[in-house]
Amino acid sequence: MMAAALSLLATTLEASKTDYDHYLRASAWVRWALFLIPALIAIQLIPIWLGAAHPIWTSVHDALGGLSFGYVTADFGLTLNALFLSLAGISLAGVTIVVARNRSRAELVLFVLAGVTAVSALALDLHRMSPALVSAVAPELATSFGGFGLVLNLAVIQLAAERAETHHALSRSVAIGVCGIVGALISAVATFGFSSTNSAVAAAFGVVLVLLILVIRRLDLSAVAATALSVAVLVGVGIVLAFVFDKSSGAALLRLAPQLPTETTAALERMLADTRWLGAGAGSFAAVGRIYQSDPGSLLTAPSAAVGIFADTGWIGLAAAIIVAAALLLRLFFGALQRGRDSFFPAASAGCLCFALLEAFAGPGLLRPAAVFCLSVIVGLGLSQSVSQSSR
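So for the sequence shown, my numbering puts the first residue at 425; every next one is plus one.
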């Protein structure tokens with residue numbers, strides 16, 4: 425978080441008017457979305473009267489006395505940390521928008537993202553094949569990085585193809601393309617071979633979105649044809665999701681999550697049933713979860729990012745997160761269609777965001793700070809390259 429803050433400060437000190445204007449154009453129509461989630465978290469930290477506060481503050485007041493006010497959150501410190509995390513993510517997205525204004529720097533950011541995510545996916549591949557070789561792996565985080573890596577390396581392959589078409593350093597284009605193919609294969613093995621079925625479906629939808637943008641742009645489809653094709657793909661996605669959702673039973677938010685023991689599922693269902701409109705406080709899932717555990721020594725963790733967001737921020741927070749993701753996704757989708765040979769930047773960001781939106785219901789990997797920061801940079805890269813800019 426401190427690194428993000430220092431990066432933002434350095435960028436602010438060095439940013440020119442051109443950089444600022446580019447930031448405004450790149451974040452047009454979705455600037456509000458970047459600050460909606462931090463605003464909701466900040467509301468949880470405002471002192472309010474005990475009747476509207478979390479019940480834990482009423483219990484504290486009854487036991488110890490003191491001031492007759494409390495907070496929406498059950499744990500002020502954990503929610504404050506979550507607020508800093510969200511602000512750090514926004515800072516990284518803003519820094520990336522400014523840094524990636526130049527195409528060469530945007531390519532460098534893409535290469536780094538594709539490489540880092542592919543290496544994380546490789547760690548999961550090696551762990552599944554030989555646990556003795558690579559033992560310390562967080563499968564849920566590696567799955568998220570595997571989905572990102574698959575889409576990002578497809579963008580690297582497309583970048584190499586664009587370079588080869590223009591006869592720009594053909595040997596270098598071939599090398600970049602080979603690296604992209606290797607990274608995509610590594611990520612595909614981690615996502616489709618060693619992850620859950622629902623995570624694989626989420627990654628497939630991200631790839632489909634990238635291919636949809638590529639087809640529309642390559643065939644130069646008219647607005648009517650592009651709309652018809654997009655609607656057909658959307659209907660197909662809806663049918664697949666309905667089929668996957670109907671295969672499971674239980675609470676709606678738990679249907680796409682990994683299978684859990686019966687006792688854990690029952691505790692989660694009780695916790696979700698007690699969740700209020702504004703939740704129990706961002707970042708406080710594990711702390712509040714102890715109340716619902718029969719074993720005081722065990723730790724209840726969120727089986728998916730959607731469950732964690734709902735328990736922490738309630739229906740309002742979950743709906744806000746979905747709206748923010750959908751707004752950014754539409755902005756990146758149309759930005760990719762309006763771009764020329766650089767369309768793979770916003771297309772890859774849109775594909776990663778589509779994967780993240782569905783993966784949030786399938787696993788908890790997106791609750792990790794590393795995944796949050798990675799997604800922030802990906803979104804910033806796509807927004808930056810969704811509008812034309814000077815080559816300087």
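Using N, Cα and C, we set each Cβ at its ideal position, and we do this for glycine too.
Please read all numbers here as calculations on a predicted model, not as lab measurements.
Practice problem: Please report the Cβ distance between L756 and S810, rounded to the nearest whole angstrom; I am assuming they are in contact, meaning their Cβ atoms lie under 8 Å. | Solution: Between S810 and L756 the Cβ distance is about 6 Å, and since that is below 8 Å, they are a contact.
Quiz item: What are the start and end residues of each continuous alpha helix (DSSP H) run of 4 or more residues lying completely inside the region 479-536, in chain order?
Solution: Here the runs fully enclosed are 479-488 and 500-523.
Quiz item: Where does W701 sit, in a helix, a strand or coil, going by DSSP?
Solution: Here W701 sits in coil by DSSP.
Self-check item: Cβ-Cβ distance between G789 and F569 below 9 Å
Solution: Yes, they are a contact pair.
Quiz item: In terms of residues, what are the limits of the alpha helix (DSSP H) holding V811?
Solution: Counting along the chain, V811 sits inside no alpha helix (DSSP H), nor does DSSP assign it H or E at all.
Quiz prompt | Beta carbon of A745 nearer than 9 Å to that of L680 | solution = For the pair A745 and L680, the CB atoms are not nearer than the 9 Å cut-off.
Exercise. Flag this pair as yes or no: are the beta carbons of F768 and L638 separated by less than 9 Å?
Key: The criterion of a C-beta distance shorter than 9 Å is satisfied by F768 and L638.
Quiz item: Using the C-alpha atoms, what's the distance from G674 back to L684?
Solution: Looking at the two C-alpha atoms, the distance is approximately 12 Å.
Exercise. With a threshold of 16 other CB atoms inside 10 Å of the CB of I802, please say whether the residue is buried or exposed.
Key: Buried: at least 16 other Cβ atoms inside 10 Å.
Quiz item: Does the region 691-711 come within contact of the region 734-748, defined as at least 3 CB pairs closer than 8 Å?
Solution: Touching, per the Cβ criterion.
Practice problem: Output yes or no for whether 9 Å exceeds the beta carbon distance between T503 and G764. | Solution: Not in contact: T503 and G764 (Cβ atoms no closer than 9 Å).
Quiz item: So, G775 versus V575, is the Cβ gap smaller than 9 Å?
Solution: Contact: yes.
Exercise. Kindly identify the DSSP beta-bridge partner or partners of L472.
Key: A small fix is needed here, since residue 472 is Ile in this sequence, not Leu. G494.
Practice problem: Mark A656 as exposed unless 16 or more other C-beta atoms lie within 10 angstroms of its C-beta, in which case mark it buried. | Solution: That one is exposed.
Quiz item: CA-CA distance, T621 and I472?
Solution: The alpha-carbon atoms of T621 and I472 are separated by roughly 44 Å.
Self-check item: R714, DSSP secondary structure in three states
Solution: Note: R714 maps to helix in three-state DSSP.
Quiz item: What separation, rounded to the nearest whole angstrom, lies between the Cα atoms of V533 and I581?
Solution: For V533 and I581, the gap between their C-alpha atoms comes out near 15 Å.
Quiz item: Since L781 is in the alpha helix (DSSP H), which residue starts that stretch and which ends it?
Solution: Looking at the DSSP string, the run of the alpha helix (DSSP H) that includes L781 is F768 to E783.
Quiz item: Using the rule of at least 16 other Cβ atoms within 10 Å of the residue's Cβ for burial, across every protein chain shown, is F572 buried or exposed?
Solution: Counting the other Cβ atoms within 10 Å of the Cβ of F572 gives 16 or more, which makes it buried.
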